[in-house]
Amino acid sequence: MACPPNAAGFGSVKPWVASAGYYLRCKFDVKSIGGVAGRSGVSDHPLGLALDFMVDRGTGDALADCALRNKAALGITYVIWRQRINYGNGWQFMSDQGGATANHYDHVHISFAPRAGGGSPQCGVGSA
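So the sequence shown is numbered by numbering that gives the first Met the number 0: it starts at 0 and just counts up by one.
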C-alpha cells in the first residue's frame, strides 16, 4: 500500500473494517475518517462496523463507486452518500434528516458485514 496504515479516527472498528478503511483512505487520499462512535437510532458505528469518509463531492462520488464495485471483496453491506443509500442494487433516495452531515452530503458512510469480505478490491486511484 502506498500510504502507511493510520487508524486515527477509526476507533476500535473490526479488523476487516480497518483494512477496508486503509485501502479506501489510501486510494482516495482521505484525510478525515470517523469510525466507532455513539449514534442515536440505528447505526453500525457503535458496533465497529461503519466508517465515515469526510470528502468533497468528486472524491465522494469516486469513493462510493469504488466501494460498491468492491462490495464483496471489502465486506460492505451498504453505502450512504448525498441523501441516497445503495445496497448494491442501485441508489435509493432517503428522507431529509435536517442538514448536510445528517444527509451525508459531506461524507460517504460505509457499513460493513459482521464478517470479512473475500477477494482483492480493484479500484483505480481516483477513478469512478
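Each residue gets a CB set at the ideal place from its N, CA and C atoms; glycine is no exception.
Cβ neighbour criterion (16 or more within 10 Å) applied to residue i
| i | result |
| --- | --- |
| G47 | buried |
| D95 | exposed |
| Y104 | exposed |
| C2 | exposed |
| R24 | buried |
| M0 | Per-residue confidence for M0 stands at a pLDDT of 47, beneath the threshold of 50, marking its modelled position as unreliable; no derived number is given. |
| N69 | buried |
| P120 | buried |
| D51 | buried |
| A19 | buried |
| G34 | buried |
| L27 | Per the sequence shown, the amino acid found at residue 27 is Phe instead of Leu. Under this definition F27 is a buried residue. |
| G89 | exposed |
| G123 | exposed |
Own chain, CB closer than 6 Å to residue i, minus 5 neighbours either side, in chain order
| i | result |
| --- | --- |
| A49 | D43, S110 |
| G116 | A71, A72, L73, G74 |
| W15 | G74, A115 |
Limits of the unbroken alpha helix (DSSP H) element including residue i
| i | result |
| --- | --- |
| D64 | 56-68 |
Beta-carbon proximity of residue i to residue j, cut-off 8 Å
| i | j | result |
| --- | --- | --- |
| G74 | A112 | yes |
| V107 | L62 | yes |
Residue range of the beta strand (DSSP E) that includes residue i
| i | result |
| --- | --- |
| R83 | 83-85 |
| F27 | Run containing F27: none in the beta strand (DSSP E); it sits in the alpha helix (DSSP H), 14-27. |
| S31 | 31-33 |
| F52 | 49-53 |
Beta-carbon contacts of residue i that lie in its chain and below 8 Å, excluding the five residues immediately before and after
| i | result |
| --- | --- |
| G57 | none |
| K30 | M53 |
| Y86 | T76, Y77 |
7 Å Cβ shell around residue i - same chain, five flanking residues per side excluded
| i | result |
| --- | --- |
| R83 | W90, Q91, F92, M93 |
Complete runs of the beta strand (DSSP E) confined to the segment 84-120 [at least 3 residues]: 90-92, 106-111
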